[in-house]
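Read the structure below first, then the notes.
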Amino acid sequence: MTSDRELRVSKIQSGTVIDHITSGQALNVLAILGIDGTDDEIVSIGMNVPSDRLGTKDIVKVEGRELSQGELDVLSLIAPVATINIIRDYGVVEKHRVDRPTEVTGVLQCSNHNCITTEDEPVDSHFEVLDDGVRCVYCDTIVREDLAAHILA
Amino acid sequence: MRHDHVISAKQLTRGDIESVLDRARDIAADPSAYASRHDGALLGLLFFEPSTRTKMSFSAAIKRLGGGVVDMGPVDASSVKKGESLADTVRVIEGYADALVLRHPSEGSAKMAAEYVDVPLINAGDGAGQHPTQTLLDIYTIRENAGLDDLSIGIMGDLKYGRTVHSLAHALTNFETTQHFVSPDTLALPRSVRYDLHEEGASVKEHTDLEHILPDLDVLYVTRIQRERFPDESEYRAVAGQYQIDAGTLGAVADDLVVMHPLPRVDEIASDVDNTDHARYFQQAHNGVPVRMALLDQLLEGEQ
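Okay, structure coming up:
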């Protein structure tokens, strides 16, 4: 399997590999990381790669980049079993799973268009994380479907 | 109650509610004893939406405690018209007042505003969110007329957007009540309220029709179904017509059924109900003054 995967997505010298992403979510992971191709970051993406654990998975490799806690928090919502590998000199120096946070701030937009956080006020969006979805702490709206569509640009 | 902000009925415990209600009862029994209690205190009124009862009863309440109001006035005549943010507006007005009362069309506005001020801030309605002081006077009215133990209450009308409904539903989870929600499917309780009621283990039943549960109710709380919730006039009329009551509707109910409404009503309660023993909605509106006096008294006490 490993050699097959290497053919699809080449190794990186240093940076972060986000593995075991829920199939179909790789582009949303890039959106969380704010990667849209306009910067110089070198990014490799595998989508619907065969996986023993997941059947199929997505994988994202970003050179020269480590992730912030906020990025990891949102990542955990759309890819709850993702693993994060920190790479240096082509080797994995750290490997950990994402933790589901109890709340996320400033990374998702409330789906309620009448919520104060969607207006021009000095307030960050703020969600409590439920077992199944997230809940806006300002307007109480519960978002369960398509969280990735609510990621703030 | 913590002496700070009153944002949502979700924050109110049974003890919080009963302490306000007990004080309101004392005030109603002897208002003169409270007439100088907060001499010189100023209540800042920030109403970004029209209001009659809530605004006037807050004004009456602070004045009957010896204080006065500073009023932002209508939005059209304020700095908001120039594009000032809510966060800035409340930060300015807190310097003029000892407590603030905010009504705003956006859900979550009161919670955000409270993060920017140190004086107590009271949510007087945030969009389709919450209206906790209406709930306090609603529960006061229920307690005075029907008691709060083993209560069966029907809550009818626009349950989706009705902030008085959301606050009342949350607060009633503190008491031994069965809540019957009656509405068209399109205006049923929002997911967030349903979630909270479930988490609280509340006794909740949902119906699209009032008739078969009406004989079992101790209280019927009617709310207005608004025209703008429907795509066209005919659909509105067809649906709204099913959630109106008149003296005939109440013909077969228990003698002591209490009918309430946060007002204003349009035609969901016919005027022929007004003269029956069931009608308590004007008394309910009047209760806004002693209940808001009690709440302000507690909040301003904490400020001293």
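If you read the sequences in order, they're chains W and C. Quick note: the first sequence uses our numbering, first residue 1018, plus one each step. Quick note: the second sequence uses our numbering, first residue 45, plus one each step. Note that the Cβ used here is the ideal one computed from N, Cα and C, for glycine as well. Keep in mind it's a predicted model, so treat the numbers as computed, not measured.
Return the residue from the list A298/C, R336/C, Q288/C that minimises the CA-CA distance to A314/C. The candidate whose alpha carbon is nearest that of A314/C is Q288/C.
Residue environment, T1055/W, which counts as buried when at least 16 other CB atoms sit within 10 Å: Label assigned to T1055/W: exposed.
Out of curiosity, what's the CA-to-CA distance linking G1082/W and A1048/W? Note that residue 1082/W corresponds to Arg in the displayed sequence, not to Gly. Distance between the alpha carbons of R1082/W and A1048/W is about 15 Å.
Under 9 Å (Cβ pairs) to chain W, residues found in the segment 152-164 of chain C: The residues in question are G152, S153, A154, K155, M156, A157, E159, Y160.
Assess contact between the segment 170-185 of chain C and the segment 203-216 of chain C, defined as three or more Cβ pairs (one per stretch) separated by less than 8 Å. Is contact present? Touching, yes, given that three or more Cβ pairs across the two stretches are closer than 8 Å.
Nearest-angstrom Cα separation, counted from S278/C out to R235/C: R235/C and S278/C: Cα-Cα distance of roughly 27 Å.
Report yes if the CB atom of L203/C is closer than 7 Å to the CB atom of A246/C, and no otherwise. The answer is no: Cβ separation not under 7 Å.
Report the rounded CA-to-CA distance for S1068/W versus D1036/W, giving the unit in angstroms. Their Cα atoms are separated by approximately 10 Å.
In chain W, which residues lie less than 8 Å from S211/C when you measure between Cβ atoms? Within chain W, no residue comes near S211/C; the closest Cβ sits about 11 Å away, beyond 8 Å.
Tell me the DSSP secondary structure of R1070/W in three-state form. In the structure shown, R1070/W sits in coil (DSSP, three-state: anything other than H, G, I, E or B).
Is it right to say K125/C is buried, meaning 16 or more other beta carbons lie within 10 angstroms of its own, or is it exposed? Counting of Cβ neighbours within 10 angstroms places K125/C among the exposed residues, the total staying below 16.
Delimiting residues of the beta strand (DSSP E) encompassing Q223/C: Counting along the chain, the beta strand (DSSP E) containing Q223/C begins and ends at 221-226.
Is it right to say V310/C is buried, meaning 16 or more other beta carbons lie within 10 angstroms of its own, or is it exposed? Sixteen is the threshold: since fewer than 16 other Cβ atoms of the shown chains lie within 10 Å of the Cβ of V310/C, the residue is exposed.
Kindly confirm or deny that the segment 118-136 of chain C and the segment 1092-1111 of chain W touch, where touching means at least three C-beta pairs closer than 8 Å. Contact between the segment 118-136 of chain C and the segment 1092-1111 of chain W is absent, with fewer than three C-beta pairs closer than 8 Å.
Check for me: the alpha helix (DSSP H) holding K99/C runs from which residue to which? 97-108 is the span of the alpha helix (DSSP H), which, as asked, contains K99/C.
Any beta carbon from chain C within less than 7 Å of E1120/W's own beta carbon? Chain C contact via Cβ: absent.
Hey, does D1090/W have any beta-carbon neighbour from chain C nearer than 7 Å? Not one chain C Cβ lies under 7 Å of D1090/W.
Which residues in the same chain have their Cβ closer than 7 Å to the Cβ of K99/C, if we skip the five residues on either side of it in sequence? Excluding positions up to five away in sequence, the list reads L89, F91.
Pull out every residue of the segment 1136-1150 of chain W whose Cβ sits closer than 9 Å to any Cβ of chain C, in chain order. The residues in question are E1136, D1137, E1138, P1139, V1140, L1147.
Would you identify the three-state DSSP class for I1029/W, choosing helix, strand or coil? Correct three-state label for I1029/W: coil.
In chain order, what residues of the same chain lie with their CB nearer than 7 Å to the CB of T217/C, ignoring the 5 residues before and after it? Spatial neighbours of T217/C in its own chain (CB-CB distance under 7 Å, excluding positions within 5 residues in sequence) are listed in chain order as L241, E244, A246.
Return yes when the Cβ of S227/C is within less than 7 Å of the Cβ of I962/W, no when it is not. Chain W is shown only over 1018 to 1170; residue 962/W falls outside these bounds and no answer can be derived.
Under a three-way DSSP split, which group does K204/C fall into? K204/C carries a coil assignment under DSSP once its states are collapsed to helix, strand and coil.
Hey, out of C1127/W, I1038/W, I1159/W, I1052/W, whose CA is closest to A1096/W's CA? Checked all of C1127/W, I1038/W, I1159/W, I1052/W; the closest Cα to A1096/W is I1038/W.
Using a Cβ cut-off of 7 Å, pull out every chain W residue sitting near G171/C, in sequence order please. Close to G171/C, with beta-carbon spacing below 7 Å, are these residues of chain W in chain order: N1131.
Cutoff 7 Å: D1163/W Cβ touching any chain C Cβ: Not an interface residue.
Sort V145/C, R273/C, D229/C, V317/C by Cα distance to E93/C and report the nearest one. If we check each option's Cα against that of E93/C, V145/C comes out closest.
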